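At position 28 of the sequence shown (counting the first as 1) the number is 28 in UniProt numbering, and the numbers step up by one without a gap.
All C-beta atoms in this analysis are idealised placements derived from N, C-alpha and C, irrespective of residue type, glycine included.
Owing to the predicted nature of the structure, the values given are computational and were not obtained by experimental measurement.
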Amino acid sequence: MTGWTTEQPFQALALTGGGYRGLFTARVLQEIEEHVGEPIGRRFDLTYGTSIGGIVALAVAFEVKMSKVVETFVAHGTKIFPLHAKPTSKLGIGTDIFCHRSKPRYQSSDLREVILELLPEDLTLNDATHPCAIPAVNVTKGEPQVFKTRHKAEWTRDRNYKAVDVALATAAAPTFFGLAEVGGNRYADGGLFANAPDLLALHEAEYYFDVPADAVRILSVGTTTKKYSLSYSADAEMGVFDWMSDQRLFNVIISSQQQLVDQLMKHKLGDRYLRIDAEPSNEQASDLGLDVASEAARKTLIGLASKCASDLVGNVLQPFTKHQPQLKLVRGD
Numbered sequence: 001m002t003g004w005t006t007e008q009p010f011q012a013l014a015l016t017g018g019g020y021r022g023l024f025t026a027r028v029l030q031e032i033e034e035h036v037g038e039p040i041g042r043r044f045d046l047t048y049g050t051s052i053g054g055i056v057a058l059a060v061a062f063e064v065k066m067s068k069v070v071e072t073f074v075a076h077g078t079k080i081f082p083l084h085a086k087p088t089s090k091l092g093i094g095t096d097i098f099c100h101r102s103k104p105r106y107q108s109s110d111l112r113e114v115i116l117e118l119l120p121e122d123l124t125l126n127d128a129t130h131p132c133a134i135p136a137v138n139v140t141k142g143e144p145q146v147f148k149t150r151h152k153a154e155w156t157r158d159r160n161y162k163a164v165d166v167a168l169a170t171a172a173a174p175t176f177f178g179l180a181e182v183g184g185n186r187y188a189d190g191g192l193f194a195n196a197p198d199l200l201a202l203h204e205a206e207y208y209f210d211v212p213a214d215a216v217r218i219l220s221v222g223t224t225t226k227k228y229s230l231s232y233s234a235d236a237e238m239g240v241f242d243w244m245s246d247q248r249l250f251n252v253i254i255s256s257q258q259q260l261v262d263q264l265m266k267h268k269l270g271d272r273y274l275r276i277d278a279e280p281s282n283e284q285a286s287d288l289g290l291d292v293a294s295e296a297a298r299k300t301l302i303g304l305a306s307k308c309a310s311d312l313v314g315n316v317l318q319p320f321t322k323h324q325p326q327l328k329l330v331r332g333d
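#1: Between the C-alpha atoms of residue 335 and V60, what's the straight-line distance to the nearest angstrom?
#2: Comparing alpha-carbon positions, which option in R217, L200, V166, G191 lies nearest T223?
#3: Alpha carbon to alpha carbon, how far is N138 from Q30? Give it in angstroms, no decimals.
#4: Using the three-state DSSP reduction, which class does S220 fall into: helix, strand or coil?
#5: Using DSSP's beta-bridge definition, name the partner residues of F49.
#6: Quick check: what's the CA-CA separation for T78 versus V316?
#7: What does a CB cutoff of less than 8 Å around M1 pick up in its chain, not counting 5 residues either side in sequence?
#8: Can you check whether the CB of L219 is closer than 7 Å to the CB of L23?
#9: Which of the three DSSP states is assigned to L327 in this structure?
#10: Reducing DSSP to helix, strand and coil, say where P319 ends up.
#11: Roughly how far, in whole angstroms, is the beta-carbon of A297 from the beta-carbon of D287, given that I think they are within contact range, below 8 Å?
#12: Based on the DSSP secondary-structure assignment, which residues constitute the bridge partners of T124?
#13: Determine which residues share a DSSP beta bridge with F147 and list them.
#14: Using 8 Å as the threshold, is the stretch 68-82 in touch with the stretch 121-141, meaning 3 or more CB pairs across them?
#15: How do the stretch 200-217 and the stretch 246-257 stand: do at least 3 beta-carbon pairs fall below 8 Å, yes or no?
#16: Can you tell which of R186, A194, P144, V69 has its C-alpha closest to the C-alpha of I55?
#17: With 16 as the cutoff for other CB atoms within 10 Å, does T25 come out buried or exposed?
#18: Helix, strand or coil, according to DSSP, for F62 in the structure here?
#19: Among S306, H203, L301, which has the Cα closest to the Cα of L264?
#20: Quick check: what's the CA-CA separation for C308 versus G37?
#21: Is R150 close to chain D? Criterion is C-beta to C-beta, closer than 7 Å.
#22: Less than 8 Å between the CB atoms is what I'm expecting for F320 and R43, so what's the real figure, rounded?
#23: To the nearest angstrom, report how far apart T140 and L199 are at their CA atoms.
#24: For the beta strand (DSSP E) that R275 lies in, which residues bound it at each end?
#25: According to DSSP, which residues form a beta bridge with N282?
#26: Spell out the partners DSSP gives A188 in its beta bridges.
#27: What would DSSP say about E7, mapped onto helix, strand or coil?
#28: Counting along the chain, where does the beta strand (DSSP E) carrying A309 start and finish?
#29: Could you say if the stretch 157-172 and the stretch 181-191 meet the contact criterion of at least three C-beta pairs nearer than 8 Å?
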């Protein structure tokens with residue numbers, strides 16, 4: 001029987017959404033994995049991930065090397081997000097919005113091909129090596145949903161779903177990609193309600209596994225989340241055009257969600273919660289974006305991630321890297 005204590009805590013990994021900026025997440029985990037010397041999934045009881053974080057979380061659960069995840073995002077980033085000139089004039093922005101008024105900006109089929117580089121077509125959640133949980137929005141039923149491996153005996157609903165389909169479901173960001181279909185239901189990006197799934201990981205430990213709060217430890221990895229505020233020069237009476245230009249709406253949602261979650265987690269767990277993220281400078285931020293896979297973006301994300309991880313891996317990360325998880329997957333009927 002499992003028994004989590006302050007000395008042997010329930011340890012979870014929580015991975016944030018953020019489009020191509022998930023390259024930062026993968027690179028941080030690669031640095032940690034290379035320090036550990038074995039797949040990083042062997043150091044966590046549970047991995048939660050949303051959107052691009054969900055794709056990385058599935059890779060963790062299936063023991064795909066983080067170096068391969070990084071290489072795949074670098075090699076195929078422009079396949080998912082083809083390079084395009086960002087419109088700057090009101091006419092250009094308006095034309096861009098009009099051109100995509102009734103179709104997503106990018107092709108889900110291209111994203112699927114890249115995911116299949118990491119998670120082969122025949123893999124199901126039942127084939128996972130480690131427990132994981134992946135948020136998405138079930139728009140057929142009109143409710144949030146979390147896809148889960150069978151790390152509790154009665155959780156059998158999702159075990160035969162293909163990993164690639166679950167990955168597409170959590171990453172189906174509105175306006176960027178079309179809705180994904182899993183098990184006869186359609187799904188949109190889990191970032192609509194849990195872009196930072198840290199609280200879900202804590203809730204699962206406490207509610208479903210009866211872990212005391214003081215016996216939970218969570219490592220959270222971000223996607224270079226930057227505080228997003230509006231200048232007073234911006235029109236207070238903003239419409240659809242204003243909110244959609246320069247991804248303003250998505251940036252506000254991601255930033256505000258992350259700041260709230262970060263504050264609540266620190267209140268709840270204190271120093272048993274560690275958040276790894278880097279806020280880029282204004283100049284660096286100009287090279288980054290949810291759908292920017294340029295060479296400048298790649299170099300910036302990898303550079304920031306390497307610096308963050310190397311600063312932490314030999315000291316404050318030691319409790320995380322030495323952890324021996326107790327939560328196991330349930331096999332058989």
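Concretely, from the data shown:
#1: Residue numbering for the chain in the displayed model covers 1 to 333; residue 335 lies beyond these limits and cannot be assessed.
#2: G191
#3: 31 Å
#4: strand
#5: This sequence places Gly at residue 49; Phe is not what is there. Partner(s): L15.
#6: 35 Å
#7: Since pLDDT at M1 reaches only 44, below the 50 mark, its modelled position is unreliable, and no value is offered.
#8: no
#9: coil
#10: helix
#11: 5 Å
#12: K162
#13: I134
#14: no
#15: no
#16: V69
#17: buried
#18: coil
#19: H203
#20: 19 Å
#21: Any reference to chain D falls outside this structure, which holds one protein chain only.
#22: 6 Å
#23: 25 Å
#24: 273-276
#25: Its beta-bridge partners do not exist; DSSP assigns none.
#26: V137
#27: coil
#28: Segment 295-312 is the alpha helix (DSSP H) holding A309; no beta strand (DSSP E) there.
#29: yes
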